[in-house]
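Asker: Residue numbers (the numbering used here): 3 to 145.
Cβ atoms here follow ideal geometry from the backbone N, Cα and C, with glycine treated the same way.
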């Protein structure tokens with residue numbers, strides 16, 4: 003998936019612009035499981051858009067409202083649509099994704115932005131790493 007534009011809805015209609023920074027222009031490789039679903043959606047659509055409302059893009063606010071209704075139906079506490087981005091970043095780090103790769107996927111200008119925003123949520127990982135270090139130090143001292 004290529005990220006080369008941003009858009010927002012205004013009283014004058016949909017505004018499409020170039021991203022804020024060069025690093026915001028990026029390629030996000032989709033996992034094959036998701037790519038198959040996207041291709042199927044595209045095959046069954048007559049629109050150039052993936053998520054449509056009668057052959058035009060769905061308004062951002064409408065999309066957010068649908069998300070809110072889904073959360074309510076599933077009894078999931080609402081944290082805001084943007085929280086999906088934070089959840090993605092946290093889960094990526096938990097799965098072992100390196101910070102440089104995550105930073106590029108998120109479109110951050112540098113890794114320090116990613117580290118400042120997301121690494122605080124990795125307490126469990128930090129604890130595991132400290133336990134692993136202690137285990138190795140103990141092993142070294144007994145050898």
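I think residue 104 touches residue 124, with their Cβ atoms under 8 Å apart; what is that distance to the nearest whole Å?
Answerer: Rounded, the Cβ-Cβ distance is 12 Å, inconsistent with contact.
Asker: Three or more C-beta pairs under 8 Å: does that hold for the stretch 29-39 against the stretch 53-70?
Answerer: no
Asker: Which residue comes first and which comes last in the beta strand (DSSP E) that contains residue 20?
Answerer: Going by DSSP, residue 20 is part of no beta strand (DSSP E) at all; its letter is neither H nor E.
Asker: Distance, Cα to Cα, residue 24 vs residue 89?
Answerer: 24 Å
Asker: Could you check what DSSP says for residue 10 in three-state terms: helix, strand or coil?
Answerer: Residue 10: strand per DSSP, three-state reduction.
Asker: For residue 117 and residue 102, I'd like the C-alpha separation in whole angstroms.
Answerer: 10 Å
Asker: Cα separation between residue 136 and residue 71?
Answerer: Cα-Cα distance, rounded: 47 Å.
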